[in-house]
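In my numbering, the protein residues as written are 551 to 1099. Ideal placement from N, C-alpha and C gives every residue a C-beta, glycine not left out. For reference, the structure is listed below as structure tokens.
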């Protein structure tokens, strides 16, 4: 199996190339072999044909020589020209036959004999020509030439017989070679057909076993994935089909995890909706029909899940509001994404309750409306409690206003009973309108109470406690206040109102108020009284100056 790993990891393109190339290669080898065998067969047949031609030409030369000799002898005996055409025709045919023999003879022995007979034929033809040209009186010469031609003809016949025998042997040999080549061609054709068939079968096997079967397995796994069934195991391979199967397995695992997470989320949501018994949580389709129901909705509205599923949610509205109000609620939720209101709703038994309703439009990823979610809460008891609480709050506010009015009419003046004056600033910050030290006499007490009773503030002319600021801090405070603000601080310490400060300094009441606010802010005081105390403590106001009472 390890040896097949490279093949298994080969890409589909490579496998397809191998599957298609293998029969083609086998076919090419077979065709090459057939071509070679065909060439050999053709060559053998050509050799056989040439041998037959040589054999025929040898026989033709022998025949034409005999014909020429007979024609010459007949002419010599009769001196009639009728014998000469055969002689002349034989000369032409003998030359043509010799030319063909020179062209077709390939065997070395045959070529040696051909050279010999060519010379003999030339001598024979020359002798016949001499006989043809001699007259009747040269009988002795004719006899000598005839004897010489006879010897030449005998020798020529011997060579021709040898050549014929040799050519018969060559013909038999070449005929056998041609037969072998034809048989080899036949078997080459059979082998080529078998190789082509074998290559085709092998290619089909590769495609079916290596590709089609695995593609069908992947297709089956895809079908099982669609149906939600577990996938069949697939061997790990790195080609396209193997990668597709691996991705399919990964997708199956991912879908299983997401399905498990979705199931857990649905269970959690179910537990959440079922546990929210104070809230009616249910879903509507795009037409407003109820498609889900929880325990809280059943408790609030009185309908069981079997009774309400598929019913229009206008069933929860008072008859006088149907169908206008439910349709308006869905339209608003569709337009704005959600719709919120508080209104009266009806239970199954016909009783009414005050409900807080939130309707939310649900859209999918393509922004298409899939339905609505609705949350309903019974707020009848809460509204009654809010009304009772509002009544109680109004009573408390009336009591608080009465207390404030009473306290606003009270005037507090601080009498110091010891030498410790550090608490004076805190007392004045708390709302005290006057301060008298321990050593104040009876007349000073009476003089201090009179302005307090009339609504003014008073401070004793006794030395006030100094705040624990250092000299550098006091210098900073002094430099922070402008001369005008120092004047305003002195008048504040004298108990002047904003209007009185404006009259004495020749400014408007609003400007005087602005100066007072700046002084209070710069001294870090809470009100006018605390600012006056701090100004006296820091030495920013002369205690002997001003209108002290």
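Closest Cα partner of residue i within the set the options
i	options	result
residue 833	913, 1074, 780, 728	913
residue 798	772, 869, 811	772
residue 1053	1068, 1067, 1037	1037
residue 613	782, 707, 582	707
residue 924	862, 947, 720	862
residue 851	860, 775, 828	828
residue 930	903, 919, 620, 916	903
residue 1070	870, 948, 1040, 751	1040
residue 1139	906, 885, 843	Because the chain in this structure spans residues 551 to 1099, residue 1139 falls outside the shown range and cannot be described.
residue 884	909, 865, 875, 901	909
residue 586	652, 1049, 737, 717	737
residue 590	724, 644, 574	724
residue 520	945, 583, 848, 1045	Look at the range of the chain in this structure, 551 to 1099, and you will see that residue 520 is not part of it.
residue 835	918, 1063, 1049	918
residue 1033	1050, 1058, 1068, 1045	1068
residue 893	886, 870, 911	870
residue 776	765, 921, 805, 749	805
residue 891	607, 1048, 928	928
residue 858	898, 740, 656, 886	898
residue 617	732, 642, 601, 604	642
residue 620	888, 635, 609, 810	635
residue 841	860, 856, 854, 830	860
residue 570	720, 709, 656, 755	755
residue 593	567, 735, 609	735
residue 609	574, 567, 718	718
residue 578	712, 770, 873, 747	747
residue 1073	855, 949, 1031, 582	1031
residue 721	770, 1051, 605, 952	605
residue 582	615, 739, 672, 639	739
Opposing strand residues paired with residue i [DSSP bridges]
i	result
residue 830	926
residue 912	921
residue 902	896
residue 840	834
residue 907	891, 926
Within 7 Å, strictly: CB atoms of residue i and residue j
i	j	result
residue 647	residue 598	no
residue 838	residue 781	no
residue 1075	residue 1081	yes
residue 497	residue 802	Nothing about residue 497 can be read from this structure; the chain reaches only from 551 to 1099.
residue 743	residue 584	no
residue 728	residue 595	yes
residue 795	residue 576	no
residue 607	residue 661	no
residue 659	residue 716	yes
residue 654	residue 603	yes
residue 1058	residue 1049	no
residue 911	residue 887	yes
residue 1078	residue 1042	yes
residue 667	residue 709	yes
residue 831	residue 844	yes
residue 573	residue 753	yes
Span of the alpha helix (DSSP H), counted from its first residue to its last, around residue i
i	result
residue 1048	1048-1055
residue 1064	1059-1073
residue 1042	1033-1043
residue 782	No alpha helix (DSSP H) contains residue 782, which DSSP labels as neither H nor E.
residue 1083	1078-1087
C-beta neighbour in chain D for residue i, strict 7 Å
i	result
residue 896	Checking the listed chains, one finds no chain D in this structure; it contains a single protein chain.
Exercise for review: Kindly provide the ranges of any alpha helix (DSSP H) runs that are 4 or more residues long and lie completely inside the segment 846-896, ordered along the chain.
Suggested key: 855-858, 874-886
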